[in-house]
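S.K.: Residue numbers (this note's numbering), protein chains in the order written: chain L, 1 to 112; chain W, 1 to 117.
Positions of the beta carbon are idealized from the N, C-alpha and C atoms, including for glycine.
Computed from a predicted model, the values in this text were never measured in an experiment.
Structure in C-alpha cells, see below.
If you want it as C-alpha cells, here you go:
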C-alpha cells in the first residue's frame, strides 16, 4: 500500500533553522491530512492537520502546506528545536472512511 | 490534557495463547480505533468502532481478532490464538466524531508492545 509516501527516511537540521518534511500521495479522494510526531516507545502524537479544501494551516511553529495538483504536502517547523527530534508521520483520511493511511515516516534530527 | 491510555505497556505471550489489550479512550470521543506497527514497518489500521459496533476493518482484522467496549470507558482488542507474526506495537486511538470541527483528528495512546514467542 503506497498511497502515502515519505521519500526521505531521515533529515538533519541545525537548531533554529527551518525543517521541511515532505509527503506525497496518490489518491485524490483523500479528504484530510494529518501530521504526527513519534518518539521511541511512545504512540504517535497529533501535531497539525489540513482539510483538502485548504492549502495552508498554521499552528505556532508548525505550518502544513497542501498542493493538491501535485498531490504533495509538507510540514514546516520554524524555528527547529532539539525537542523536535523525532520520527514524523504523514497520514491521510479517505472521504467517508475512518482509517488513517500512514507514510513510512521521516526521522528528523535537530543538531545544536 | 485528556489522553488515551493503554495497558499493559508490554505483553509477552506464547504462540496460540489469547491476549487482551486494553485501552481507555478520551472520555467524550465517539470513535475508537486499533492500529499496529510491526517493527520497521508502517503504522497499519486494524479496525474502527462506533456506536458499539465495528464501522470499518482492514484485511488484517480476521476472525482471530475481536473488539469490545465492555463498559463506558474501556475498549479492548482480543487476539484469540496469537501467531509469531502478531508481534508488534498495538496502538489504540480515539476521535471526537461528527459534530465537531476536528471530528477526524485521531489521538493515539502510548501503545502496547506484544511479543509472541
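Interface residues of chain W around residue 93/L at Cβ under 7 Å?
M.R.: Taking the first residue of the first chain as position 1, residue 93/L is located at position 93. Simply 104.
S.K.: Check the Cβ-Cβ distances between residue 86/L and every residue of chain W, and say whether any is below 8 Å.
M.R.: Counting from 1 along the first chain, the entry for residue 86/L is found at position 86. Output row for residue 86/L: interface = no.
S.K.: Please state the DSSP three-state secondary structure of residue 58/L.
M.R.: On the first chain, residue 58/L is found 58 positions in, with the first residue counted as 1. Residue 58/L: strand per DSSP, three-state reduction.
S.K.: Does any residue of chain W have a CB that is nearer than 8 Å to the CB of residue 58/L?
M.R.: As a position in the first chain, residue 58/L is number 58, starting the count at 1. Closer than 8 Å: no.
S.K.: Three or more C-beta pairs under 8 Å: does that hold for the region 76-88 of chain L against the region 13-20 of chain L?
M.R.: As far as the Cβ criterion goes, the region 76-88 of chain L touches the region 13-20 of chain L, which means the pair count is three or higher.
S.K.: Establish whether the CB of residue 110/W and some CB of chain L are separated by less than 8 Å.
M.R.: Taking the second chain and counting its residues from 1, the one referred to as residue 110/W is at position 110. Yes, contact with chain L.
S.K.: With DSSP as the reference, identify every bridge partner of residue 89/W, one or two as the case may be.
M.R.: In the second chain, counting from the first residue as 1, residue 89/W sits at position 89. DSSP output for residue 89/W lists 37/W and 113/W as bridge partner(s).
S.K.: Indicate the three-state DSSP secondary structure (helix, strand or coil) for residue 84/L in the structure shown.
M.R.: Reading the first chain from its first residue, position 84 is the one you call residue 84/L. Reduced to three states, the DSSP call for residue 84/L is helix.
S.K.: Answer with yes or no whether the minimum CB distance from residue 49/L to chain W is below 8 Å.
M.R.: To locate residue 49/L, count along the first chain from 1; it is residue 49. It does: the Cβ of residue 49/L has a partner Cβ on chain W nearer than 8 Å.
S.K.: Which one or two residues does DSSP pair with residue 97/L in a beta bridge?
M.R.: To locate residue 97/L, count along the first chain from 1; it is residue 97. In the DSSP output, where bridge partners are listed per residue, residue 97/L has none listed.
S.K.: Give me the Cβ distance between residue 88/W and residue 4/W, rounded to the nearest whole Å; I'm assuming they're in contact under 8 Å.
M.R.: Sequence index remark: in the second chain, residue 88/W carries index 88 (1-based). Sequence index remark: in the second chain, residue 4/W carries index 4 (1-based). Wrong, their Cβ atoms sit about 18 Å apart, outside the cutoff.
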